[in-house]
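Position 552, counted from 1, in the sequence shown is what the UniProt record's numbering calls 552; the numbers after and before it change by one each time, with no gaps. Note that CB positions come from ideal geometry on N, CA and C, so glycine has one too. These numbers were taken from a predicted model, which means no experiment stands behind them. Each remark here refers to the structure printed beneath this line.
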Amino acid sequence: MKDMTSASPLQTLIVIGNGMVGHHCVEQLVAQGALARYRIEVFGEEPQRAYDRVHLSEYLSGRDAESMGMGDGTLYQTPGVTLHLNTRVQEIDRARHEVVTASGRHAYDKLVMATGSFPFVPPIAGVEEPEARLVYRTLEDLDAIRTAAAGARRGVVVGGGLLGLEAANALRALGLEAHVVEFAPRLMPVQLDEAGGQALRARIEALGVQVHVSRATETIKPGVRYRYRLNFAGGEALETDLVVFSAGIRPRDGLARTAGLAVGERGGIVIDGDCRTSDADIHAIGECALWNGMVYGLVAPGYQMARTVAAILCEQPAQPFAGADMSTKLKLLGVDVGSIGDAHGATPGARSYRYVDEVNAGYRRLVVSEDGKRVLGAVLVGDNSYYDTLLQYVQNGIAPPADPAGLILPRGADTPVLGPAALPATATICSCHNVSKAAVCSAIDEGCTDLAGVKACTRAGTGCGGCAALLKQVFEHELSARGVAVDKSLCEHFAYTRQELYHFVRVEGIESFEQLLAAHGRGHVGCDICKPAVASILASCWNRPIQDPLLVPLQDTNDTFMANMQKNGTYSVVPRIPGGEVTPDGLIAIGAVAKKYQLYTKITGGQRIDLFGAQLHELPDIWAELIAAGFETGHAYGKSTRTVKSCVGSTWCRYGVQDSVAMALRIEHRYKGLRAPHKLKFAVSGCTRECAEAQSKDIGVIATERGWNLYVCGNGGMRPRHAELFATDLDDETLIRLIDRVLMLYIRTADKLQRTSVWRESLDGGLDYLKDVVVHDSLGLAAELESQMQLVVDRYECEWANAINDPEKLKRFRTFVNDRRGDPDVQFVEERGQRRPATAAEARRIPIAVEQL
C-alpha cells in the first residue's frame, strides 16, 4: 500500500530581483500557500532589501534607508524564504535549470525574473566623467548625487519626464540652481498634451527651476564658469557642475538574452498573459517584461503581473495579465499633475473640452467619445482634486452628465462629483494592490470598523498612497450605509473633532484642559493625542504663556523646554530675526553667545540663525543674554508662526517695486506667537522675480506696482504644494485683514496637525469657497475672525522672557534635580571648526573627565 503520510519533496523557486515588484511577488506567493510546495530563494543586487522607490526623493529629504524598506522585514525571516543581498545573478543555465552567482550555482524548478530596468544614458561624447553621468534610480544613485552636490552651484537634469522633474526637485533641495533639459517640445510628453506641458512649465519655472525644451545634447565638454558645458544641436550651450540623466528606462533583459529567451526588438522579455516567457519554467514581471509590445513603467502593472504569477505557481485561479491602466496622479515640485486614460485624445472621433487658467498656470482637458457618452481621458495641471472623480468615469464607463464640461470647470454648487455611492462594486479603489470597492465593503462586513483595519485587510492605500482620499470616502460612506456612526473622535477622552473642541473653548470661554475635560470629555488625565491638541487650541484662542502651571503638563518635549531637542539630547536655540533683518550689533551678540557656550551655528532656510548643542541647564542663561541684546524667542519649537522670509525689495534691489522688508517685519511682528494646528511659514517678495520663494509658503506675498498679491496654503516638506493666488493688487491694510481672516479660519476649522495645504485641499468648494468666506464675507464671519486675531496679537509676550523672570519656572531647566551640572553623557567632536554630536563610536573613544563623575 502507498504511504500517504510521506510528503512530496519541495521544489525550488528562485526570484531574481528584490525591487518593489519582486518583493510583492514573494508576498503574494507566501500568502497563497507557496511554501507548501516551494523553497523560495530571492537574489537582490543591492545591499538593502526591497525599498519604496515611489517615494525615493524622501531619502534626500532626510528619510533613512531602513525606514524606506517594504514591510517590516519579517517576510524574509519566514522559514522557507531565503534572501541573498548584494548578490548578482550572472547567468541562467536553462539546460541545467540553474542560476549562476559569484558564490556558485543554484538549482531551480521555477524561475521568476523581476530584474526591473536601468536608466538610459545617451551615448554623448564627454559623458564618461562621473559627475556628468549621474542617474536617479537607487539609494546608491542618490548618495552619489548628494556627494557630487557638495560644493556645487548648478545642476542639470537631462530629461523632463516624471523622474527628471523629481531629480530637479532633489537638486533644488540640495541647494543647487536647478535646470531641466528636455529633447521634446514640452515637459512630461508621454503624459501631457502641449497645453498641459506649457502650464506645467510655467508653474515649475515660477518655483525657480529653469526649463529648456527642444534641446538635443550633442557633447559635454569642460566648462568655463562651471565644471561642464552641455553643447546643444543648433549651437546653444549650458554650463553646470553636475549632470543627472533621466532620459528614460530600458528593460534589464541581459540575462534573458544570454539565456536564449525571446526578447523584443527594442528590448524587454517577451511574456504571454500568464507572464510566462518562451521557457515554460520561467516567468518575467515588472519593467523587464514586454507584453503585447509594451513595457509598463509603473509599479501598479508590475504588482498586477506579480499577482498573476503567484496564483499560477500556487495553482490557484489566476486572472491573466491583459494590460494595465497607465493613469497617474503626481505632485512634482509641489505642482499637481494628473494624466488619465486617453489623455492625448488619440481615439478616432474623440472630442475634447479644455479649461485654461493662464493667471494661475492651471489647465484641465477632458476627452470624450465621439457620441459624448463615454469619458475617455483627462489631463490635469495645477489641481488634482478632479482626479478621483474623472478616473472613475473612465475606468467604469460611467456616462458623463449632459454637459461634460462641468466635470472640469471650477467647482460650484452644481459641479458633478462622483460620490462613493455612485461607484459600482467593480470600481478599482487602489490600483497598486488591485483593491475594488467590493473588497473594501467585504472587509467592513467581516468586522473592520476602522480605516487602519481596512488597510491591513485589503492593503488598499499602502502602495503609492494616491488612493488615500478616495479610500477614506468609500470607507466612511459604507459604514454610514450600514447604520454605523462614523467615529471622528479626537481620542478616547473626547468624542469630538478638533473643530468641535475649538468651538467649545471659544464659545464657553474655557481656558484650561481640566475645564474642557470636565465639561465635554471623559476620564481624568488625557493622553498624548488630546493634550497637545487642546494646548494648541487654548493658545490659539487665548495666547496665555505656555509655561503657566495649568498649561505645562499639556506640552510636548519641545514646548515644555521651549527649544527643539536634538538627537544627542541637547537643544537648539533660535532667536527671532524678523524678516531676516538683523543689525551688526545683533550679529555680534549672537556670535558672542555661540562662542561662549560653544554652540554650532547654522543659517536656516528661513533667514534665521540656529544655535545647536545647548544643554538643558544652559538654556535660561543663553536666553537671558539674547533677550538682553534685544532678541525674542523664534518659536522654532512650536506649531506656530516660524519665519517670514524676505528679499531686500525696493530699498536696495533695482528690480524691487515695494518695500518687502518693511512688510515682512509688519507681518512677523503681528503674527509672532500665533499658535496653530501646524507650523506656519510666510514670505514676502519685492517683485515677481520671487527671490523670497513666497509661492511655497503658507502665506506668500508678492509685490506688484499697484500693491501686493496674496498667495495662500502652500508649503514645502514631505508633501509640497504650490501656493494659490488668492487676491491681487492689495493695499497694506487690506492685505493684513485678509491674512487675519485666512489664518483664523484655518485655526478654527482645521484638523489636528493639519498643514494649511491639506486643509485647503479638504475644503468643500476649494479656493472659490475660501475666497467667498474670506474676501466676500459670505458667512458673515469677517469681523469676528479679525477680532479673534487681534486678541492673540494684543496678548503676545516672549515666552522665554516670561520664563526667566519666574524662579519657579526656571526650576524645570535642570538636567539633575539637585544641582545645575550638565549631562556627562553628552559628547562632542570638532568638525569644520565647530562642535557636532559625537557618534556612538566616537563617544567611546572620548575620556570622561573625573570632575564630571
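Three-state class that DSSP yields for Met-562 in the structure shown = Counting from 1 along the sequence shown, the entry for residue 562 is found at position 562. The answer is coil: DSSP assigns Met-562 none of H, G, I, E or B.
In the structure shown, what three-state DSSP assignment does Asp-388 receive?
-> Looking up residue 388 in the sequence shown gives position 388. Looking at Asp-388 - three-state DSSP - the assignment turns out to be helix.
Going by DSSP, name the residue or residues bridged to residue 870.
-> Nothing about residue 870 can be reported from this structure: the residues present for the chain run from 1 to 853 only.
Pick from Asn-292, Thr-219, Asp-241: whose alpha carbon is nearest that of Ala-233?
-> As a working note, residue 233 is residue 233 in the sequence shown. Ranking the options by Cα distance to Ala-233, first place goes to Thr-219.
How should Ala-102 be labelled, buried or exposed, when 16 other C-beta atoms within 10 angstroms of its C-beta is the threshold for buried?
-> The count along the sequence shown starts at 1 and reaches residue 102 at position 102. Ala-102 comes out exposed.
Pro-837 in three-state terms, based on DSSP = Stepping through the sequence shown from its first residue, residue 837 is reached at position 837. In this structure, Pro-837 counts as strand in the three-state DSSP scheme.
Could you have a look at Ile-699 and say whether DSSP puts it in helix, strand or coil?
-> For the purposes of this step, residue 699 is identified with residue 699 of the sequence shown, where counting begins at 1. In the structure shown, Ile-699 sits in a strand (DSSP, three-state: E or B).
What runs of the beta strand (DSSP E), each 3 residues or longer, lie entirely inside the stretch 270-318?
-> 282-284, 289-291
If you drop the 5 nearest sequence neighbours on each side, which residues of the same chain put their C-beta closer than 7 Å to that of Val-774?
-> Locating residue 774 in the sequence shown gives position 774, counting from the first residue. Leu-738, Arg-741, Val-742, Leu-745.
If you count every other CB in all the chains shown that lies within 10 Å of the CB of Ile-271, and 16 or more means buried, which is it?
-> Reading the sequence shown from its first residue, position 271 is the one you call residue 271. Per the 10 Å Cβ criterion, buried.
Which full runs of the beta strand (DSSP E) of 3+ residues lie inside the stretch 162-192, going along the chain?
-> 177-181
Helix or strand or just coil, what does DSSP make of Gln-515?
-> Numbered from its first residue, the sequence shown carries residue 515 at position 515. Helix at Gln-515.
For the alpha helix (DSSP H) holding Cys-541, just list the boundary residues, first then last.
-> The sequence position of residue 541 within the sequence shown is 541, counting from 1. Its alpha helix (DSSP H) spans residues 530-542.
Return the chain-ordered ranges of every beta strand (DSSP E) run that is complete within the stretch 549-615 and spans a minimum of 3 residues.
-> 571-573, 600-603, 609-614
Which class does Cys-491 belong to by DSSP, given the choice of helix, strand or coil?
-> Taking the first residue of the sequence shown as position 1, residue 491 is located at position 491. Cys-491 falls in the strand class under three-state DSSP.
Roughly how many angstroms lie between the CA atoms of Pro-243 and Tyr-355, to the nearest whole one?
-> Reading the sequence shown from its first residue, position 243 is the one you call residue 243. Reading the sequence shown from its first residue, position 355 is the one you call residue 355. First, the amino acid is wrong: residue 243 is Val here, not Pro. For Val-243 and Tyr-355, the distance between alpha carbons rounds to 36 Å.
Work out the CA separation of Leu-13 and Thr-258 for me, nearest whole Å.
-> In the sequence shown, residue 258 corresponds to position 258, counting from 1. In the sequence shown, residue 13 corresponds to position 13, counting from 1. Roughly 21 Å between the two C-alpha positions.
By how many angstroms is the C-alpha of Arg-755 removed from the C-alpha of Pro-677?
-> Counting from one through the sequence shown, the residue named residue 677 turns up at place 677. Counting from one through the sequence shown, the residue named residue 755 turns up at place 755. Spanning the two alpha carbons is a distance of roughly 7 Å.
Can you name, in chain order, every residue of its own chain whose Cβ lies under 8 Å from the Cβ of Leu-142, other than the five neighbours on each side?
-> Counting from 1 along the sequence shown, the entry for residue 142 is found at position 142. Once the five neighbours on either side are set aside, the close Cβ partners of Leu-142 are Leu-56, Tyr-59, Leu-60, Tyr-136, Ala-170.
Counterpart residues of Cys-430 in DSSP-defined beta bridges | Taking the sequence shown and counting its residues from 1, the one referred to as residue 430 is at position 430. According to DSSP, which records beta bridges pairwise, Cys-430 is partnered with Val-435.
Member of Asp-241, Ala-318, Tyr-296 whose CA lies at the smallest distance from the CA of Asp-274 = The residue labelled residue 274 in the question sits at position 274 within the sequence shown. When only C-alpha atoms are compared, the closest one is Ala-318.
Output the distance between the C-alpha atoms of Gln-11 and Cys-467, rounded to the nearest integer angstrom.
-> One-based indexing of the sequence shown puts residue 11 at position 11. One-based indexing of the sequence shown puts residue 467 at position 467. Their Cα atoms are separated by approximately 38 Å.
Give the secondary structure of Asn-802 by DSSP, where H, G and I count as helix, E and B as strand, and everything else as coil.
-> In the sequence shown, the residue the question calls residue 802 occupies position 802. Looking at Asn-802 - three-state DSSP - the assignment turns out to be helix.
Whether Leu-501 touches Ile-529 by CB criterion (8 Å) | Sequence index remark: in the sequence shown, residue 501 carries index 501 (1-based). Sequence index remark: in the sequence shown, residue 529 carries index 529 (1-based). The answer is no: Cβ separation not under 8 Å.
For Leu-853, I'd like the list of residues in its chain whose CB is within less than 8 Å of its CB, leaving aside the five on either flank, ordered along the chain.
-> On the sequence shown, residue 853 is found 853 positions in, with the first residue counted as 1. Residue placement at Leu-853 cannot be trusted, given a pLDDT of 24 that sits under 50; the coordinates are not used to answer.
Identify the continuous alpha helix (DSSP H) that holds His-24 and give its terminal residues.
-> For the purposes of this step, residue 24 is taken as the residue at position 24 of the sequence shown. Where His-24 is concerned, the enclosing alpha helix (DSSP H) stretches over 20-31.
Collapsed DSSP secondary structure at Thr-87 in the structure displayed = Along the sequence shown, one-based indexing puts residue 87 at 87. Note: Thr-87 maps to coil in three-state DSSP.
Is it a yes or a no for the stretch 204-215 touching the stretch 114-124, going by three-plus beta-carbon pairs under 8 Å?
-> no
Compute the Euclidean distance between the alpha carbons of Ile-16 and Leu-111, then round it to the nearest angstrom.
-> Within the sequence shown, residue 16 is the residue found at index 16, counting from 1. Within the sequence shown, residue 111 is the residue found at index 111, counting from 1. Their Cα atoms are separated by approximately 8 Å.
Closest to Cys-687 by CA distance: which of Gly-649, His-669, Arg-675 is it?
-> Within the sequence shown, the letter at position 687 stands for residue 687. Out of Gly-649, His-669, Arg-675, Gly-649 has the C-alpha closest to the C-alpha of Cys-687.
When DSSP labels each residue in this structure, what does Arg-354 get in the three-state scheme?
-> On the sequence shown, position 354 is the one that residue 354 refers to. If DSSP states are grouped into helix, strand and coil, Arg-354 belongs with the strands.
Pro-251 vs Leu-290 beta-carbon contact at 8 Å | By 1-based counting over the sequence shown, the position of residue 251 is 251. By 1-based counting over the sequence shown, the position of residue 290 is 290. Yes; because the gap between Cβ atoms is below 8 Å, this pair is in contact.
Compute the beta-carbon to beta-carbon distance between residue 854 and Ser-640, rounded to the nearest angstrom, for a pair I have assumed lies under 8 Å.
-> With the chain running from 1 to 853 in the structure shown, residue 854 is simply not present.
Locate the beta strand (DSSP E) running through Gln-11, then write down its first and last residues.
-> Against the sequence shown, residue 11 aligns to sequence position 11. Gln-11 -> beta strand (DSSP E) spans 11-16.
Beta bridge counterpart(s) of Leu-330 as assigned by DSSP = Here residue 330 is taken as the residue at index 330 of the sequence shown, counted from 1. Val-337, per the DSSP bridge assignment.
Hey, would you say Gly-151 sits closer than 8 Å to Val-190, going by beta carbons?
-> Position 151 of the sequence shown, counted from the start, is the residue given in the question as residue 151. Position 190 of the sequence shown, counted from the start, is the residue given in the question as residue 190. Taking 8 Å as the Cβ cut-off, Gly-151 and Val-190 do not qualify as a contacting pair.
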